[in-house]
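The next block holds one structure in the form of structure tokens; read it before the comments.
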Amino acid sequence: MNTPKDTVIGQIEGSEKSFAEMKKWLANTGSPTRRIDKAIFGLVEESDNYTYENFAVRE
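Residue numbers (UniProt numbering): 1 to 59.
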């Protein structure tokens, strides 16, 4: 979600491998139409009970 401070916040769920891959992509690649100045990742909680069933990019 975009914030009023021109930042983006969100949540990631998935296996340890897919989680690590997504963090790497967010920190180094990201959207082709955006610039990444810094990536900060907060609290990580392990769980096998995923709450999201799909993924969509909203533009």
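By construction, the Cβ of each residue, glycine as well, lies at the ideal position given by its N, Cα and C atoms. Keep in mind that this is a model prediction, so the values were computed, not measured.
A straight-line Cα-Cα distance of about 14 Å links Val44 and Lys17. Annotated three-state conformation of Asn28 is helix, per DSSP. Less than 7 Å separates the beta-carbon of Met22 from that of Ile12.
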